[in-house]
Amino acid sequence: MDRLDDLTVLVEVVDCGSLSAAAESLGLSASAISRRIAQMENRLGTRLLARTTRRIALTDAGATFCLRARAILAALDEAEQSLTEMGEEPRGTLRVTMPVMFGQMRVAPLLPSYLRRYPGVSLEASLSDRVQRLIDDGFDLAIRAGRLADSTLIARRLRPLRRHVVASPDYLERRGVPQSPSDLSRHDCLTLLSGSGRTEWEFLVGDRREILRPAGGF
Numbered sequence: 001m002d003r004l005d006d007l008t009v010l011v012e013v014v015d016c017g018s019l020s021a022a023a024e025s026l027g028l029s030a031s032a033i034s035r036r037i038a039q040m041e042n043r044l045g046t047r048l049l050a051r052t053t054r055r056i057a058l059t060d061a062g063a064t065f066c067l068r069a070r071a072i073l074a075a076l077d078e079a080e081q082s083l084t085e086m087g088e089e090p091r092g093t094l095r096v097t098m099p100v101m102f103g104q105m106r107v108a109p110l111l112p113s114y115l116r117r118y119p120g121v122s123l124e125a126s127l128s129d130r131v132q133r134l135i136d137d138g139f140d141l142a143i144r145a146g147r148l149a150d151s152t153l154i155a156r157r158l159r160p161l162r163r164h165v166v167a168s169p170d171y172l173e174r175r176g177v178p179q180s181p182s183d184l185s186r187h188d189c190l191t192l193l194s195g196s197g198r199t200e201w202e203f204l205v206g207d208r209r210e211i212l213r214p215a216g217g218f
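Its first residue numbered 1, the sequence shown is counted upward by one per residue in the UniProt record's numbering.
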């Protein structure tokens, strides 16, 4: 038993009025209860209980100690209950970072219903295409597309991401229709810079992956 268990034993003895009743309530033997009380008194250097043939009463020191013990046990119960409540319903501030377009088109329409469902949550959303560092920048959650570069983070896949290579009919008429990913090296490609400053397009050709760094004047 630890010191919190000692406090529980003392309070139970006082509430039950006898060692035997407290022992039955706690599922211990009366001798074990008596031994715990004696060890507490030896450690504290004072008598906590005045024993008579008919009942057990608190000494003045015991009454003061028992009052504090009840407060400590009540605070522990309150702390555990608060964690239980937090687990049942989210509450607090949630800081999220996500790409601009995805946040505007996919996430923003869902926010009103989310906040109605979880009124205890205050949401702070940062829309940025820059790959931000969660811990250093103070974010709780990031929504990103692609592979997880930092293996120390925990990721959950939301859905597959499919990208398409497109061109206008006028461009294809002038430059021709590419037949394979390697043909794109001879075409003008419009790219968006990633956080590293490099853009890579990944293609799945059969069961083989091809990585292309697009070129062009855009």
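Cβ atoms here follow ideal geometry from the backbone N, Cα and C, with glycine treated the same way.
- Item | For M98, the residue or residues it bridges with in DSSP | Locating residue 98 in the sequence shown gives position 98, counting from the first residue. Note: M98 sits in a beta bridge opposite L127.
- What are the start and end residues of each continuous alpha helix (DSSP H) run of 4 or more residues lying completely inside the segment 150-195, in chain order? Scanning the segment 150-195 from its first residue to its last, the whole alpha helix (DSSP H) runs of 4-plus residues come out as 169-175.
- Message: Am I right that T199 and R213 are in contact with their C-beta atoms under 8 Å? What's the rounded C-beta distance?
- Response: The residue given as residue 199 occupies position 199 in the sequence shown. The residue given as residue 213 occupies position 213 in the sequence shown. Going by Cβ atoms, the distance from T199 to R213 rounds to 7 Å, so yes, they are a contact pair.
- Output the distance between the C-alpha atoms of M40 and D6, rounded to the nearest integer angstrom. Against the sequence shown, residue 40 aligns to sequence position 40. Against the sequence shown, residue 6 aligns to sequence position 6. Their Cα atoms are separated by approximately 7 Å.
- Establish whether the CB of I56 and some CB of chain B are separated by less than 7 Å. Judged by its chain identifiers, the structure shown contains no chain B, having just a single protein chain.
- Item | Other residues of its chain near Y114: CB distance less than 7 Å, five sequence neighbours each side excluded | Taking the first residue of the sequence shown as 1, we reach residue 114 at position 114. Cβ neighbours of Y114 beyond the five flanking positions: none.
- Item | Helix, strand or coil at G45 according to DSSP, with G and I counted as helix | Along the sequence shown, read from residue 1 onward, the residue named residue 45 stands at position 45. Note: G45 maps to coil in three-state DSSP.
- Message: Buried or exposed, going by whether 16 or more other CB atoms sit within 10 Å of the CB of M101?
- Response: Sequence index remark: in the sequence shown, residue 101 carries index 101 (1-based). Result: exposed.
- Can you say whether A22 is buried or exposed, counting buried as having 16 or more other CB atoms within 10 angstroms of its CB? Indexing the sequence shown from 1 puts residue 22 at position 22. With 16 or more Cβ atoms within 10 Å of its Cβ, A22 is classed as buried.
- Message: Between the segment 48-62 and the segment 4-19, can you find at least three pairs of beta-carbon atoms closer than 8 Å?
- Response: Per the Cβ contact rule, the segment 4-19 is in contact with the segment 48-62 (3 or more Cβ pairs under 8 Å).
- Task: Report the three-state DSSP secondary structure of T199 (helix, strand or coil).
- Result: Against the sequence shown, residue 199 aligns to sequence position 199. Note: T199 maps to coil in three-state DSSP.
- Query: How about G120 and R162: are their beta carbons less than 7 Å apart?
  - Reply: Translated into positions along the sequence shown, residue 120 becomes position 120. Translated into positions along the sequence shown, residue 162 becomes position 162. Their beta carbons are not under 7 Å apart, which means G120 does not touch R162 by this criterion.
- Query: Mapping DSSP to helix, strand and coil, what is T59?
  - Reply: Along the sequence shown, read from residue 1 onward, the residue named residue 59 stands at position 59. Coil, per DSSP.
- Item | Secondary structure of G92, DSSP reduced to three states | For this step, residue 92 is matched to residue 92 along the sequence shown. Reduced to three states, the DSSP call for G92 is strand.
- Message: Just to confirm, is the Cβ distance from G103 to L123 under 7 Å?
- Response: Along the sequence shown, one-based indexing puts residue 103 at 103. Along the sequence shown, one-based indexing puts residue 123 at 123. Taking 7 Å as the Cβ cut-off, G103 and L123 do not qualify as a contacting pair.
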